[in-house]
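Chemist: If you're matching positions, the sequence shown starts at 10 in my numbering and goes up one per residue.
Virtual Cβ for every residue (Gly too), placed ideally from N, Cα, C.
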Amino acid sequence: MTAVGAAAPLARIVPQNQVLPALVVIGGLAGAGAGFVTVAPNRLVSGTGIALASSVPPLLTAALAVLGLLLLSLGFARAGRSRHYLAAVLAGAALAVTFGAAGRAAAMLAVGASATTAISLGGGFWVIFACAALALIDALRRAGIGAMAQLLIAVLAVAIFIAMSKSGLFDALSLAREYAGRREVFAAAVIRHAELVVAAIVPALLIGVPLGVLARRRARFEAPIFTTLNLVQTVPSIALFGLLIEPLSGLANAVPVLGRLGVGGVGPAPAIIALTLYGLLPIARNTLAGVAGVSPAALDAGRGMGMTRGQLFRQLEIPLALPVLLAGLRVVLVQTIGLTVVAALIGAGGLGTFVFDGLGQYATDLVLLGALPAIAMALAVDFLLRLATGAMPQRAP
């Protein structure tokens, strides 16, 4: 009885949600020990980290501390949807305060500094941002909110960030200065990046889906198809881009019309071909899995209704396999958005231009100017396709 009685108070202090306390502790340690922002005499020199308490107004530091303590306490509270909703609100507020604190810190440090001074986001900021974002995602997942609510929350978060940017809150940050100096070029790079992704995904779908269907219909072709596609995946992206330079240059010289259409050893042509090749395996594999997973009973019912083989494929197999196909498309899109950054090495353009320019100049914020939008694009596509897949009715086993 004594042991049981002693264990009862201990059971009450065990966190019901172990994720929240861990994230709060990690974020708190980062805020106390890591540089929240860094200051350098110019964009080419590594900056000196300045801690959160030394760079941010006390009110914002206190707000972050209070939000952290409230989130920590929710980790020990009894599980329930209301607790998860409250955790989501607090985590979202922590995200907003973190961004606001970074902007205010940069504005304060910029006072009296030279025009070349670079004020960048430090490691502490990124850790706190990641912890708050993960806490928000965890709370929303546990609350089990619907697809439309998730979309509205994402739109609200983007709207708040845009409003903060329009207010000039981030103007003193070196990242914002890099963007301001390349505003028009940046917009063109985003559009070019999206064009390259679409130009690669469309032929990948037109080739990959039939390959998956062929592997399903003719079992003897499955091993050769996927062995070849797996081999393509093993080739490093930079190597594949390089291997396409000579044959495409020769083709453009042999057929001048292709050269005038933009086909050549450098530029978008080799990038699109390589990206298409990389997209074939996940599309073909998910097509095979999706079509193979269609219930034989559904096919028998379709045959009993007099459907032809083509009608069965169009009206039964494809609709029932669509969730699996969308899952494959989600993987391909995220992969392609990332690989398109590397395509800038062969003159394809896109956001990778900023990444490699920044690497050449040792300018971290210029690298981030290309990397962060590519990451945001990939996350947005992944999020929207996950919502679309989740909103579809699940097929019967």
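Which value, in whole angstroms, describes the spacing of the CA atoms of PRO406 and SER304?
Modeler: Its pLDDT being 42, under 50, PRO406 is placed unreliably in this model, and the value from its coordinates should be taken loosely. Computed Cα separation, rounded: 7 Å.
Chemist: So, are the CB atoms of GLY350 and ILE292 less than 8 Å apart?
Modeler: Inspection of the sequence shows that residue 350 is occupied by Val rather than by Gly. Cβ distance not < 8 Å, so VAL350 and ILE292 don't count as in contact.
Chemist: Where in the stretch 121–159 do unbroken runs of the alpha helix (DSSP H), each at least 4 residues long, occur, reported from the N-terminal end onward?
Modeler: Taking only runs of at least 4 residues, the alpha helix (DSSP H) segments lying wholly in the stretch 121–159 are 132–152.
Chemist: Considering only the beta carbon of each residue, do ALA156 and LEU396 sit closer than 8 Å?
Modeler: Going by C-beta atoms, ALA156 is nearer than 8 Å to LEU396.
Chemist: Between the Cα of THR243 and the Cα atoms of LEU267, ARG312, TYR287 and PRO212, which residue gives the shortest distance?
Modeler: Ranking the options by Cα distance to THR243, first place goes to TYR287.
Chemist: How far does the alpha helix (DSSP H) with THR362 in it reach, from first residue to last?
Modeler: Start and end: 361–370.
Chemist: Can you determine whether any heavy atom of the ligand SAM sits closer than 7 Å to the C-beta of ILE292, and answer yes or no?
Modeler: Ligands displayed in this structure: none; no statement on the ligand SAM is therefore possible.
Chemist: Roughly how many angstroms separate the alpha carbons of ALA127 and ALA49, rounded to a whole number?
Modeler: One C-alpha to the other measures close to 5 Å.
Chemist: Need the endpoints of the alpha helix (DSSP H) that LEU343 sits in, please.
Modeler: Note on residue identity: the sequence assigns Val, not Leu, to residue 343. Its alpha helix (DSSP H) spans residues 327–351.
Chemist: Residue ranges of each alpha helix (DSSP H) run of no fewer than 4 residues wholly in the stretch 172–221, ordered along the chain?
Modeler: Counting whole runs of 4 or more residues, the stretch 172–221 contains the alpha helix (DSSP H) stretches 183–190.
Chemist: Tell me which residue opens and which closes the alpha helix (DSSP H) that ILE59 is part of.
Modeler: That residue, ILE59, is in no alpha helix (DSSP H); its beta strand (DSSP E) goes 57–60.
Chemist: Quick check on DSSP: helix, strand or coil for GLY302?
Modeler: Three-state DSSP puts GLY302 in coil, outside helix and strand.
Chemist: In the DSSP assignment, the beta strand (DSSP E) including GLY44 goes from what residue to what residue?
Modeler: It spans 44–49 - the beta strand (DSSP E) in which GLY44 sits, taken as one unbroken run.
Chemist: Suppose contacts are defined by Cβ-Cβ distances below 8 Å. Is GLN25 in contact with ALA86 by that definition?
Modeler: Yes, the Cβ-Cβ distance between GLN25 and ALA86 is below 8 Å.
Chemist: Which residue comes first and which comes last in the alpha helix (DSSP H) that contains MET117?
Modeler: Counting along the chain, the alpha helix (DSSP H) containing MET117 begins and ends at 90–119.
Chemist: Exposed or buried, ALA20, counting other C-beta atoms within 10 Å across all chains shown (16 or more means buried)?
Modeler: Since pLDDT at ALA20 reaches only 47, below the 50 mark, its modelled position is unreliable, and the value read off the structure follows with that caveat. With fewer than 16 other Cβ atoms within 10 Å, it is exposed.
Chemist: Could you tell me which of SER174, VAL28 and LEU149 sits nearest to GLY101, measuring between CA atoms?
Modeler: Of SER174, VAL28 and LEU149, the residue nearest in Cα terms is LEU149.
Chemist: Kindly indicate which three-state DSSP category VAL390 falls into: helix, strand or coil?
Modeler: Note: VAL390 maps to helix in three-state DSSP.
Chemist: Roughly how many angstroms lie between the CA atoms of MET386 and VAL167, to the nearest whole one?
Modeler: Taking the straight line joining both Cα atoms gives about 13 Å.
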